[in-house]
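Q:
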Amino acid sequence: MPGLIAVAGAMLPLLYLALLVDYAATFFLRTRTHARSPHLLAVVVLHLGYLALWGMHAGHPPVTSTPEVLSVLALATAAVYGWVELATRDRRTGVFVLLLAFLFQYAGSFAMVGHAQDAAGPAAGGLWTRVHVLPALVAYTALGFAGVFGTLYLAARRNLRGHRFGMLFDRLPPLEALGPMAWHALLTGFVAMTIAIAVTPLMFGDGGGTMSARIVGKIVTGSVAWAVCAAGVFGHWLGRWTPARTSAVAVIGFLLVMALLAVSGVLS
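Count along the sequence shown from 1, add 360, and you get the number used in our numbering.
1) Relative to the C-alpha of Glu344, which residue among Leu547, Leu520 and Gly549 is closest?
2) Which ranges would you report for the alpha helix (DSSP H) in the stretch 514-550 if only whole runs of at least 4 residues count?
3) Quick one: is Trp443 buried, meaning 16 or more other Cβ sit within 10 Å of its Cβ, or exposed?
4) Throw me the rounded Cβ distance for the Met371 and Pro427 pair, which I believe falls under 8 Å.
5) Nearest to Ile557 by CA position, among Arg518, Trp586 and Thr386, is which residue?
6) To the nearest angstrom, report how far apart Val493 and Ser624 are at their CA atoms.
7) Taking DSSP as the reference, what is the three-state secondary structure of Ala395?
8) Helix or strand or just coil, what does DSSP make of Pro362?
9) How far does the alpha helix (DSSP H) with Gly442 in it reach, from first residue to last?
10) Going by C-alpha to C-alpha distance, which of Asp382, Trp543 and Trp597 sits closest to Leu458?
11) How is Arg600 classed by DSSP in three states: helix, strand or coil?
12) If you count every other CB in all the chains shown that lies within 10 Å of the CB of Gly454, and 16 or more means buried, which is it?
13) Going along the chain, which residues of its own chain have a beta-carbon closer than 7 Å to the beta-carbon of His596, five neighbours each way excluded?
14) Classify Arg605 as helix, strand or coil using the three-state DSSP reduction.
15) Would you mind stating whether Ser435 and Leu413 have Cβ atoms separated by less than 8 Å?
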């Protein structure tokens, strides 16, 4: 099984890269902009199978280390985008979302493939640990979407203000759609991370682990992600923030959280 896991882990970034090329062709060549892609579903199913194999070999759900979390984030990003595409029948933002999924999986596979031989270990945590992990992953995925849509909104807005109606502006959804998409992603992240943080104290009474440096790093990263989402949500509700300001908070917050995850991965 370790050999199969290693091969699958090495192949997944290539599959996401192939999807990225496919969606890049849609964006730049305006082909199949409103079609559904069966290839995306196939990659999601294969990725799910890979994580199931990894979890069976490791003896615990694949959410206990930063590389595992990155791989799950890649799967969640692709799966959520697949649902959005199915609902909207619009593939124009797919290249940007799948670029994020590719980067997540590339980083995760790079770290995981070398540890396939020694991945096996004891089960991680108890019930409350698993209850905490699911909303936390939803929150990070939502923040990733907010970062992507926020970046697209700011880029399109800058082109509009500068009267530069080029390829990017011409092929993106309208500003009236991109702004609310970023805010709704922040709202989803805020609700999910609030649930994850509320469950955190219960983890330690349920065998969720001791207060190690790795755990502290995850708490800091989760707190920053929650603060970013809260700032965007309440800034919109109470401060009457413009979509541009909300998008800027989403982009800066996403980059900060990714930097913290990278540091946490290196230190662990």
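For each residue, glycine too, the CB sits at the ideal point set by N, CA and C.
A: Working from what's here:
1) Nothing in the structure corresponds to residue 344, since the chain is present only between 361 and 628.
2) 527-531
3) exposed
4) Wrong, their Cβ atoms sit about 16 Å apart, outside the cutoff.
5) Trp586
6) 16 Å
7) coil
8) In the structure shown, Pro362 sits in a helix (DSSP, three-state: H, G or I).
9) Thr426 to Thr448
10) Asp382
11) coil
12) buried
13) A distance below 7 Å between beta-carbons, with the five flanking residues on each side excluded, links His596 to the following residues of its chain, in chain order: Trp543 and Thr606.
14) If DSSP states are grouped into helix, strand and coil, Arg605 belongs with the helices.
15) According to the sequence provided, residue 435 is Leu. The question's Ser does not apply to it. No, the Cβ-Cβ distance between Leu435 and Leu413 is not below 8 Å.
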